[in-house]
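Numbering (the numbering used here), first residue to last: 17 to 450.
Using N, Cα and C, we set each Cβ at its ideal position, and we do this for glycine too.
Have a look at the structure below before the remarks.
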Amino acid sequence: MNDEVISESLTRLHDNVKYNGWTVQALAKGQILNKISDVYCNRMISNATRQLIAEIFSITSNLGIQANEAFNPDEKVIQALVTNISQFSNDEDVLCDTFQSIACFIIQLLLISTQPMSVLLHRSLMWLVSLFCEKLDKYSPDVEEVAPLLEIITSGITSTDAMVQTDAASACASLAEWSPIYEHMQEQKLCSILVANLSNDKGNARPKVKCAISYIIQATGYFTEEMIEAGLLSVLKGFVNVSYMSQEVCFIISNICVEGEHTIDKLIESGVLKEVARVMDAAEYRARKEAAFVICHCCASSNRRHLEYVIELGMLTAFTDLLTCMDVSLVSYILDAITSLLQFGELYNQNNTNPVAEKLEEIGCREKLEFLVESQCFEIHAKAFTILERFYGDDEEIAAAEEITDYQPRSTIDSTIEMLIRNSATTTSQPFTF
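Given below as structure tokens:
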């Protein structure tokens with residue numbers, strides 16, 4: 017079909033849509049949307065014909081922008097397709113025809129990705145790609161079919177537009193759930209590009225980029241080394257003590273710690289742990305809680321150099337103060353960390369004194385441990401008692417505490433059951449009466 021025949025056919029379609037009330041549902045049943053999308057993308061047609069197709073899409077989607085010269089045909093068509101997805105989310109015919117139409121444009125844009133595109137078109141395309149990436153783990157397409165989208169995501173991360181960056185970061189976070197794509201992501205250096213853009217403070221892009229990095233590190237350790245090499249730690253170091261970012265940044269650092277001793281070494285060398293120690297002293301509770309988990313993970317390595325560095329940070333008072341918080345999980349982690357620190361102190365035992373034990377006693381840690389011995393949580397009770405017995409066992413207080421070595425947490429239910437059993441035992445010898 018030449019352009020003249022195509023134009024004549026589209027003119028009749030345009031008139032039916034505009035004047036005879038042909039709806040998008042009617043067009044979708046005949047799969048007309050993807051057919052005219054194919055014409056738009058893959059046929060040699062004039063600008064007038066392109067404009068005609070754009071107006072058909074605009075009218076059927078009720079965009080009301082067909083007369084607005086500020087929008088070029090590409091923008092009108094993409095906006096119309098995006099609108100179809102949101103307006104007709106429960107109409108399977110419209111969705112199928114729309115998605116097939118979108119596929120035509122994505123393929124075309126992949127072929128011309130080296131050419132500049134308008135911001136509106138880039139935003140719409142990136143939003144569609146991010147939606148597609150969210151569903152990868154459910155549909156599991158062939159990885160070679162998805163890999164070409166990484167070029168679009170890369171261009172989105174490096175875009176100067178905050179909305180485009182935000183959707184590109186969302187796409188990266190979604191890809192982290194689909195392991196078959198990892199190798200291709202690494203080839204594209206997507207995570208390195210994310211790190212490079214973390215300092216972008218335009219619009220709402222930075223929070224989403226930060227969330228994407230956090231999500232990727234939490235989902236897999238595959239890219240941690242790449243992001244560290246790209247300068248992630250130096251970027252995080254500048255954000256640790258920013259009040260509204262402290263909690264999330266410490267959460268990222270905490271997840272980096274669990275990757276192994278080599279990552280803790282890099283955290284020490286970069287100076288990040290010093291900034292985390294400052295959070296322990298000054299920040300609000302939620303940030304201090306995440307910072308405490310960082311310290312706990314460092315102590316869990318049982319590496320002498322790491323334990324010595326934790327002690328030298330000078331934040332043990334703030335760290336042990338969290339023993340009195342109401343978070344059982346955090347208290348348990350801190351007790352494990354204290355045990356590791358005290359074991360480290362035994363290596364420097366002089367004159368039967370443990371310097372770490374003495375330091376902890378000076379800052380009031382021992383009193384907190386004695387308080388935790390009375391905890392109704394058996395795990396907390398056992399850990400606190402074990403520490404006191406092992407590292408402060410020669411004192412009179414612990415000798416007195418030996419009376420509770422057989423401690424079992426009891427509740428009112430336990431007491432009630434015991435009373436019933438006792439009463440039952442005393443009444444079994446009596447004859448049965450009504």
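Burial state of residue i (16 or more Cβ within 10 Å)
i, result
"Val180", "buried"
"His138", "buried"
"Tyr364", "exposed"
"Pro157", "exposed"
"Tyr56", "buried"
"Ala441", "For Ala441, the pLDDT reaches just 45, beneath the cut-off of 50, and the residue's location in the model is therefore unreliable, leaving the point undetermined."
"Gly361", "buried"
"Val145", "buried"
"Glu20", "exposed"
"Val344", "exposed"
"Thr443", "Reliability fails at Thr443, whose pLDDT of 42 lies under 50, so the model's placement of it is uncertain and no value is given."
"Ala400", "buried"
"Arg222", "buried"
"Glu245", "exposed"
"Phe255", "buried"
"His278", "exposed"
"Thr39", "exposed"
"Val258", "exposed"
"Asn213", "buried"
"Lys305", "buried"
"Leu141", "buried"
"Ser62", "exposed"
"Thr182", "buried"
"Ser134", "exposed"
"Thr240", "buried"
"Met7", "Residue 7 lies beyond the residue range present for the chain, which begins at 17 and ends at 450; the question has no answer from this structure."
"Cys60", "It is Met, not Cys, that sits at residue 60 in the sequence shown. Exposed, because fewer than 16 other Cβ atoms sit within 10 Å of the Cβ of Met60."
"Pro425", "Unreliable placement is indicated for Pro425, whose pLDDT of 47 sits below 50; no coordinate value is reported for it."
"Glu95", "Reading off the sequence shown, one finds Gln at residue 95, where the question assumed Glu. Looking at its Cβ environment, which holds 16 or more other Cβ atoms inside 10 Å, Gln95 is buried."
"Asn45", "In the sequence under discussion, the amino acid at residue 45 is Lys, which differs from the Asn named in the question. Classification of Lys45: exposed, given that the 10 Å Cβ count is below 16."
"Phe309", "buried"
"Lys92", "buried"
"Thr27", "exposed"
"Ser102", "exposed"
"Glu199", "exposed"
"Thr99", "buried"
"Asn58", "exposed"
"Ser171", "buried"
"Lys151", "exposed"
Supposed contact pair residue j and residue i - C-beta distance, whole angstroms, cut 8 Å
i, j, result
"Cys315", "Ser356", "4 Å"
"Thr336", "Ile379", "6 Å"
"Ile354", "Ile396", "No, Ile354 and Ile396 are not in contact; Cβ-Cβ is about 12 Å, not under 8 Å."
"Thr76", "Leu43", "6 Å"
"Met261", "Cys207", "With a Cβ gap of about 19 Å, Met261 and Cys207 do not count as contacting."
"Leu111", "Phe104", "7 Å"
"Ala373", "Tyr349", "The Cβ separation is near 20 Å, so there is no contact."
"Glu193", "Ala228", "With a Cβ gap of about 12 Å, Glu193 and Ala228 do not count as contacting."
"Gln41", "Asp109", "7 Å"
"Tyr231", "Ala187", "At roughly 12 Å, the Cβ-Cβ gap does not stay under 8 Å, so Tyr231 and Ala187 are not in contact."
"Leu166", "Val211", "No, Leu166 and Val211 are not in contact; Cβ-Cβ is about 16 Å, not under 8 Å."
"Tyr325", "Ile284", "6 Å"
"His313", "Ser270", "6 Å"
Sheet register partners of residue i (DSSP bridge)
i, result
"Gln263", "Answer by DSSP bridge pairing: none, since Gln263 is not bridged."
"Thr355", "BP columns for Thr355 are empty, so no partner."
"Gln366", "Thr369"
Near the ligand SAH: residue i beta-carbon under 8 Å from a heavy atom
i, result
"Val258", "For the ligand SAH, the structure offers nothing, since it holds no ligand at all."
Can you find at least 3 beta carbon pairs, one from the segment 67-79 and one from the segment 31-40, that sit closer than 8 Å? yes
Mind the definition here: the segment 256-266 touches the segment 295-305 only if three or more C-beta pairs lie below 8 Å; say whether that holds. yes
Three-pair Cβ contact test at 8 Å for the segment 158-174 versus the segment 110-118: no
Quick one: complete alpha helix (DSSP H) runs, 4+ long, within the segment 127-191? 135-150, 152-155, 159-162, 165-173, 178-191
Enumerated in chain order, which unbroken segments of the alpha helix (DSSP H) with a length of 4 residues or greater are wholly contained in the segment 243-293? 248-255, 262-273, 277-286
Please go through the segment 41-86 and give each complete alpha helix (DSSP H) segment of 4 or more residues, from N-terminal end onward. 48-58, 63-76
I'd like the ranges of any alpha helix (DSSP H) spanning at least 4 consecutive residues and lying wholly in the segment 296-350. 301-316, 320-328, 332-337
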